[in-house]
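Structure, as structure tokens:
This is the structure in structure tokens:
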């Protein structure tokens, strides 16, 4: 079974703090994603990565950065947390199309609920 | 433009009732994938089913069934004999490139 894990289920930080959200997948997937989910706004893509050290901006990258030093790990960084970054953060991974039909599916981690005070 | 519409914001049923969640999508691509995910109160998005645009066969998995109709651009999800554990938010999603486009979700409440 595919497993995507996130470092914390709940996190409370103060405005201005640097925040790291870690995501690890065990399926050797090439692609990894970070979303945030907010009531009334649905799921929005922040960043994604299609290979080690590669990253692409999603729909709402402002205020975030990412790091992918190893294939299995994708980190989301809030350089200076603000209250409007209070949200549910979801990580996902997906294999490449040409490596099998199951690779079309994006699998999600359990989510991190971040509260910025 | 690509879009997924889940017109039902919230549905409430009594246990053992059948319920259908609607999903309508828009895309100009000929190759695409459709998905349903379940999000229970714990927050995790659980994958339920994937369908590719070339496979219009309906699928049944236990109490769950899916009806994919390209002619109406719909991918509806039916739960037969609903149970309290089915209470969750259900998302329909579309993918044709790198990006997964989600609908706004339907909150299903199954009352005992």
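Residue numbers (my numbering), protein chains in the order written: chain A, 1 to 117; chain B, 1001 to 1112.
All C-beta atoms in this analysis are idealised placements derived from N, C-alpha and C, irrespective of residue type, glycine included.
Is the separation between the beta-carbon of residue 35/A and that of residue 90/A shorter than 8 Å? Counting from one through the first chain, the residue named residue 35/A turns up at place 35. Counting from one through the first chain, the residue named residue 90/A turns up at place 90. A contact, by the Cβ cut-off of 8 Å.
Under 7 Å Cβ to Cβ from residue 70/A, same chain only, skipping five residues before and after it: list those, please. Locating residue 70/A in the first chain gives position 70, counting from the first residue. 52.
Around the C-beta of residue 1039/B, are 16 or more other C-beta atoms found within 10 angstroms, so that it is buried, or is it exposed? Taking the second chain and counting its residues from 1, the one referred to as residue 1039/B is at position 39. Flag for residue 1039/B reads buried.
Under 9 Å Cβ-Cβ, which residues of chain A neighbour residue 1033/B? On the second chain, residue 1033/B is found 33 positions in, with the first residue counted as 1. Ordered by position in chain A, the residues that pass the 9 Å Cβ test against residue 1033/B are 104 and 105.
Delimiting residues of the beta strand (DSSP E) encompassing residue 6/A: On the first chain, residue 6/A is found 6 positions in, with the first residue counted as 1. Start and end: 4–6.
Separation of residue 72/A from residue 1023/B, as counted between CA atoms: Walking along the second chain from the start, residue 1023/B turns up at place 23. Walking along the first chain from the start, residue 72/A turns up at place 72. Their backbone Cα atoms lie some 33 Å apart in a straight line.
In three-state DSSP terms, what is residue 1070/B? Translated into the one-based positions of the second chain, residue 1070/B becomes position 70. In the three-state reduction of the DSSP assignment, residue 1070/B falls in the helix class, which pools H, G and I.
Chain B contacts made by the segment 48–76 of chain A, where a contact means CB separation under 9 Å: Those would be 48, 50, 56, 58 and 59, in chain order.
Taking residue 1068/B as the reference, give the member of 1018/B, 1098/B and 1092/B with the closest Cα. Taking the first residue of the second chain as 1, we reach residue 1068/B at position 68. Closest option to residue 1068/B, Cα to Cα, is 1092/B.
Alpha-carbon spacing of residue 1073/B relative to residue 1026/B, whole angstroms: Here residue 1073/B refers to the residue found at position 73 when the second chain is read from its first residue. Here residue 1026/B refers to the residue found at position 26 when the second chain is read from its first residue. The alpha-carbon separation between residue 1073/B and residue 1026/B amounts to approximately 7 Å.
Relative to the C-alpha of residue 109/A, which candidate in 33/A, 68/A and 46/A has its C-alpha closest? For this step, residue 109/A is matched to residue 109 along the first chain. When the alpha-carbon of residue 109/A is set against those of 33/A, 68/A and 46/A, the nearest one is in 33/A.
Nearest-angstrom Cα separation, counted from residue 1054/B out to residue 94/A: By one-based count along the first chain, residue 94/A stands at place 94. By one-based count along the second chain, residue 1054/B stands at place 54. Annotation: residue 94/A to residue 1054/B spans about 21 Å, alpha carbon to alpha carbon.
From the DSSP output, read off the bridge partner residues of residue 57/A. Mapped onto the first chain, residue 57/A falls at position 57. 47/A, per the DSSP bridge assignment.
By how many angstroms is the C-alpha of residue 10/A removed from the C-alpha of residue 1048/B? Residue numbering aside, residue 1048/B sits at position 48 when the second chain is read from its first letter. Residue numbering aside, residue 10/A sits at position 10 when the first chain is read from its first letter. Each residue's alpha carbon lies about 25 Å from the other.
For residue 31/A, I'd like the list of residues in its chain whose CB is within less than 6 Å of its CB, leaving aside the five on either flank, ordered along the chain. What you label residue 31/A is simply residue 31 of the first chain in a count that begins at 1. So the list reads 50 and 94, once near-sequence residues are dropped.
So, helix, strand or coil for residue 52/A, using DSSP? In the first chain, the residue the question calls residue 52/A occupies position 52. Looking at residue 52/A - three-state DSSP - the assignment turns out to be coil, as it is neither helix nor strand.
Determine whether the beta carbon atoms of residue 63/A and residue 45/A lie at a separation below 8 Å. Mapped onto the first chain, residue 63/A falls at position 63. Mapped onto the first chain, residue 45/A falls at position 45. Contact flag unset, no.
Suppose the cutoff is 6 Å on Cβ atoms and the five residues either side in sequence are ignored; what does the same chain contact list for residue 1020/B look like? Here the question's residue 1020/B lines up with position 20 in the second chain. Its chain contains 1076 and 1078 as the residues whose beta carbon lies nearer than 6 Å to that of residue 1020/B, once the 5 sequence neighbours on both sides are disregarded; these appear in chain order.
Is the distance from the Cβ of residue 1113/B to the Cβ of residue 1089/B below 8 Å? This structure gives no information on residue 1113/B, because the portion of chain B shown stretches from 1001 to 1112.
Beta-carbon within less than 8 Å of residue 1011/B's beta-carbon, same chain only, minus the 5 sequence neighbours each way: which residues are those? Counting from one through the second chain, the residue named residue 1011/B turns up at place 11. Once the five neighbours on either side are set aside, the close Cβ partners of residue 1011/B are 1019, 1021, 1106, 1107, 1108 and 1109.
Measuring alpha carbon to alpha carbon, tell me which of 1016/B, 1100/B and 1029/B ends up nearest residue 1064/B. Position 64 of the second chain, counted from the start, is the residue given in the question as residue 1064/B. From the listed residues 1016/B, 1100/B and 1029/B, the smallest Cα separation to residue 1064/B is found for 1016/B.
Against chain B, does residue 114/A count as a neighbour if the rule is that its beta carbon must be under 8 Å from one of theirs? Working through the first chain from its first residue, we reach residue 114/A at position 114. False, the Cβ-Cβ gap to chain B never drops below 8 Å.
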